[in-house]
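A.B. asks:
Numbering (our numbering), first residue to last: 962 to 1076.
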């Protein structure tokens, strides 16, 4: 049974930082590309960042230079370090694991950026 469990969300002031974690089980983690997506109220889910099994990263233009995605294959965990947060980063953040035609989603974690 595949499980992706996100953690680390919360309320933070503009300019602050958060680190999201995605702990995976039930998959051969090192073989999967990992991604972070977000969905704000009334908007479509969008890609924030992803990292291939080989460690190649990709970022949405809106977060480039502020967010960093990483993975620890020994811990079966992916991370999203978010710095210089803005109110427009407020959303539910979802973890995704993908290999070939197989994909899995976590339940999401809320990130709210507000003063």
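Virtual Cβ for every residue (Gly too), placed ideally from N, Cα, C. Keep in mind it's a predicted model, so treat the numbers as computed, not measured.
1. Three or more C-beta pairs under 8 Å: does that hold for the segment 1036 to 1043 against the segment 975 to 985?
2. Can you give me the Cβ contacts of residue 1050 inside the same chain, cut-off strictly under 6 Å, excluding the 5 residues immediately before and after it?
3. Below 8 Å between beta carbons: does that hold for residue 1058 and residue 993?
4. Does the contact criterion of 3 or more C-beta pairs under 8 Å hold for the segment 1056 to 1072 versus the segment 987 to 1007?
5. Using the DSSP secondary-structure output, state which residues sit across from residue 1028 in a beta bridge.
6. How is residue 1061 classed by DSSP in three states: helix, strand or coil?
7. Who are the near neighbours of residue 963 in its chain, counting only those whose CB is closer than 6 Å to its CB and skipping five residues on each side?
8. Does the distance from the CB of residue 1076 to the CB of residue 1002 come in under 8 Å?
C.D. replies: On the basis of the data shown:
1. The answer is yes - the segment 975 to 985 touches the segment 1036 to 1043, with three or more Cβ pairs under 8 Å.
2. Non-local beta-carbon contacts of residue 1050 in its own chain, meaning distances under 6 Å to residues more than five positions away in sequence, involve 1074 in chain order.
3. It is a contact, given that the beta carbons lie within the stated cut-off.
4. Pairwise C-beta distances place the segment 1056 to 1072 in contact with the segment 987 to 1007, as three or more of them are shorter than 8 Å.
5. For residue 1028, the pairing in a beta bridge is given by DSSP as 1043.
6. Looking at residue 1061 - three-state DSSP - the assignment turns out to be coil, as it is neither helix nor strand.
7. The answer, listed in chain order, is 987, 988 and 1065.
8. It is not a contact, given that the beta carbons lie outside the stated cut-off.
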